[in-house]
Amino acid sequence: MHEDQQTSIKQLIARGKEQGYLTYSEINDHLPESLVDADQIEDIIGMINDMGISVYETPPDGDELVLSDENRVGSDDDATEEAVAVLASSVDAEFGRTTDPVRMYMREMGTVELLTRQGEIEIAKRIEEGLREVTLAMAAFPPTLQTLFREYQRIEDGEI
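Okay, structure coming up:
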């Protein structure tokens, strides 16, 4: 992890300890933009909660803050350093991810196995067999063909 990212996370944790809480937007502001995996972000939020820092959608009012202060766990600088190291490894694991939809699509497509020539041949044979069965079924019932041709003629004449 880059030194400035570690500093940013340390500041985030210090702010959380000072306030007694953090908001999701504060956390998102301090995480690298390359971090896009929701599971990783949830893990980071869980680690912050484990440090005794509550995480809220919006800043809490005074009553909520008093209740969360009663449940807070005190921690020292060693715990902060350890938490930064864990968060750093989580962020580093996701380095290289992108929020660009095209790049995300291309990355996902790279994991999908493409058809082999033999696979394409098998699918083409199944399609041909299905078309043959449809043709035979229609030929077995002449009224179906008459209705089909009559409706086609109505479309050609502009009635439909």
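Just so we're on the same page, the numbering used here is the position in the sequence shown counted from 1, plus 48. Ideal Cβ positions, reconstructed from N, Cα and C, are used throughout, including at glycine.
Beta-carbon proximity list for residue i, same chain, < 8 Å, skipping 5 on both sides
i                 : result
leucine 193       : Met186, Ala187
phenylalanine 197 : none
glutamate 90      : none
C-alpha distance - residue i paired with residue j, whole-angstrom precision
i             : j              : result
glutamine 59  : aspartate 148  : 28 Å
isoleucine 75 : tyrosine 153   : 26 Å
methionine 95 : proline 108    : 20 Å
arginine 278  : arginine 155   : Nothing about residue 278 can be reported from this structure: the residues present for the chain run from 49 to 208 only.
threonine 183 : isoleucine 169 : 21 Å
glycine 206   : leucine 179    : 28 Å
valine 160    : asparagine 97  : 37 Å
serine 123    : serine 73      : In this prediction, serine 123 scores a pLDDT of 49, lower than 50, which makes its location untrustworthy; the coordinate-derived value is nonetheless stated afterwards. Straight-line Cα distance between these residues: approximately 23 Å.
arginine 120  : glycine 167    : In this predicted model, arginine 120 has a pLDDT of only 47, less than 50, meaning its place in the structure is not dependable; the value taken from the coordinates is given anyway. One C-alpha to the other measures close to 59 Å.
leucine 163   : glutamine 88   : 33 Å
alanine 172   : glutamate 181  : 14 Å
tyrosine 200  : methionine 157 : 41 Å
Secondary structure of residue i, DSSP reduced to three states
i             : result
valine 160    : coil
threonine 106 : coil
leucine 79    : coil
aspartate 91  : helix
Spatially closest choice to residue i from the options, by CA coordinates
i              : options                      : result
isoleucine 101 : Val150, Glu90, Glu207, Leu70 : Leu70
aspartate 52   : Gln88, Thr164, Pro80, Ile93  : Pro80
Other residues of its chain near residue i: CB distance less than 6 Å, five sequence neighbours each side excluded
i             : result
tyrosine 104  : Tyr69, Thr71
proline 191   : none
isoleucine 93 : Val103
Assumed close pair residue i, residue j - CB separation to whole angstroms, cut-off 8 Å
i             : j             : result
isoleucine 61 : methionine 99 : 7 Å
Same chain, Cβ closer than 7 Å to residue i, neighbours up to 5 away in sequence not counted
i            : result
arginine 202 : Ile208
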